[in-house]
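Q: With the first letter of the sequence shown counted as 1, position 246 gets the number 333 in this note's numbering; the numbers rise by one all the way through.
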Amino acid sequence: RGAGGMSSSALLQELCDELGVASLEEYSAAMKMVYTQSTAAAQSWASLLWLCFRPLCRGISIFAVWALPRGREFASMAAARIAAQPRALLQAEAAAALLLFFCWRLRAWLRRHDRLIRARAALSRRYQALVRTVRRQSQLAARLLPHVGYACVCAFGWRSLVRLRMAEDVTPLVLRATPLLGTVVPVVRTLLALHADAPTRLRAWLHFWSVWAAATLVTTTLSSLPLIPRIAQLRPELPIVHFFCVVWMQLPHGGVELAYAAIAPSIRGRGEAL
């Protein structure tokens, strides 16, 4: 019993009334109202999201219904074409796929063990030492060293394909890949350089497009002559040379700078004349 002869429950009730504590019925009514309004709000948001995404879902379903039969036809046609390839080419493709998978796993393993960075640093140091050694002998030889090495690798690869009797099978693939590597990939990399706001990269790609425009103009002009297409048919390795040149101009060893330096005086003279 508290002061004045009041019980503890009566004193607690008077204290709750003084503090304004709500009753259990009021709490229950408030919780029911919160639950009702939250459920209504969730249903409203769900209805709004469904109205927004319903056209997308229906478009995806319509596209799936349209593309599924054609996808099966394309897959069967691609499988038939792959199966119709020569056995040597199939073996080479399987070996290339296994080699790529092995290189990917090897790169991941080396990166986990921090050996790739050390191997790259060691290779870079040896290459720089070789360049310094050659530079002491001749500046021209030092500048031409990476380009000569690339040419030797390309010649060795092509001769290997010829000896393995795979050159005729690889040539159509090279013809299909040349527009992709010569136009689409440079466009994407140029846009990335523009967004990155890198002056050095932008200068390199401006040089690339200058060389590309000059080479396109020369090849278009030569192809319009009567004898040049016949001469080109007698040399089936010309598309391979074109492919190697396209790759060479995009490598980070300054190939495009060398090509631009070769044609820049002529371009500058023609521009001033015009």
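Glycine is no exception: its CB is placed at the ideal position from the N, C-alpha and C atoms.
Which residue marks the beginning of the alpha helix (DSSP H) containing Gly158, and which one marks its end?
A: Reading the sequence shown from its first residue, position 71 is the one you call residue 158. Residues Leu111 to Ala170.
Q: Across the region 229-240 and the region 291-300, are there enough close Cβ pairs to call them in contact, namely three or more that are closer than 8 Å?
A: Proximity of the region 229-240 to the region 291-300 falls short of the contact definition, fewer than three beta-carbon pairs being nearer than 8 Å.
Q: Could you compute how far the alpha carbon of Leu98 sits from the alpha carbon of Asp104?
A: Counting from one through the sequence shown, the residue named residue 98 turns up at place 11. Counting from one through the sequence shown, the residue named residue 104 turns up at place 17. Each residue's alpha carbon lies about 10 Å from the other.
Q: Can you give me the C-alpha to C-alpha distance between Ala291 and Ser211, rounded to a whole angstrom?
A: Within the sequence shown, numbered from 1, the residue matching residue 291 stands at position 204. Within the sequence shown, numbered from 1, the residue matching residue 211 stands at position 124. Using only the alpha carbons, I get a separation of about 22 Å.
Q: If we count the other Cβ atoms within 10 Å of its Cβ and call it buried at 16 or more, is Met336 buried or exposed?
A: Position 249 of the sequence shown holds residue 336. The residue is buried, with at least 16 neighbouring Cβ atoms inside 10 Å.
Q: Span of the alpha helix (DSSP H) holding Ser311?
A: For this step, residue 311 is matched to residue 224 along the sequence shown. Counting along the chain, Ser311 falls outside any alpha helix (DSSP H), and DSSP gives it neither H nor E.
Q: Quick one: what's got a C-beta closer than 7 Å to Pro173's C-beta in the same chain, skipping five residues either side?
A: In the sequence shown, residue 173 corresponds to position 86, counting from 1. So the qualifying residues of the chain are Asp256.
Q: What are the uninterrupted segments assigned as alpha helix (DSSP H) that are 4 or more residues long and contained completely in the region 241-311, given in chain order?
A: 254-266, 272-283 and 286-310
Q: Kindly indicate which residue of Ala264, Gln178 and Val328 has the alpha-carbon position closest to the one of Gly37.
A: The structure shown does not extend to residue 37, since the chain spans only 88 to 361, so no value can be given for it.
Q: Quick check: Thr287 and Pro326, are their CB atoms within less than 8 Å of each other?
A: As a working mapping, residue 287 is identified with position 200 in the sequence shown. As a working mapping, residue 326 is identified with position 239 in the sequence shown. No, the pair does not count as a contact, with Cβ atoms beyond the cut-off.
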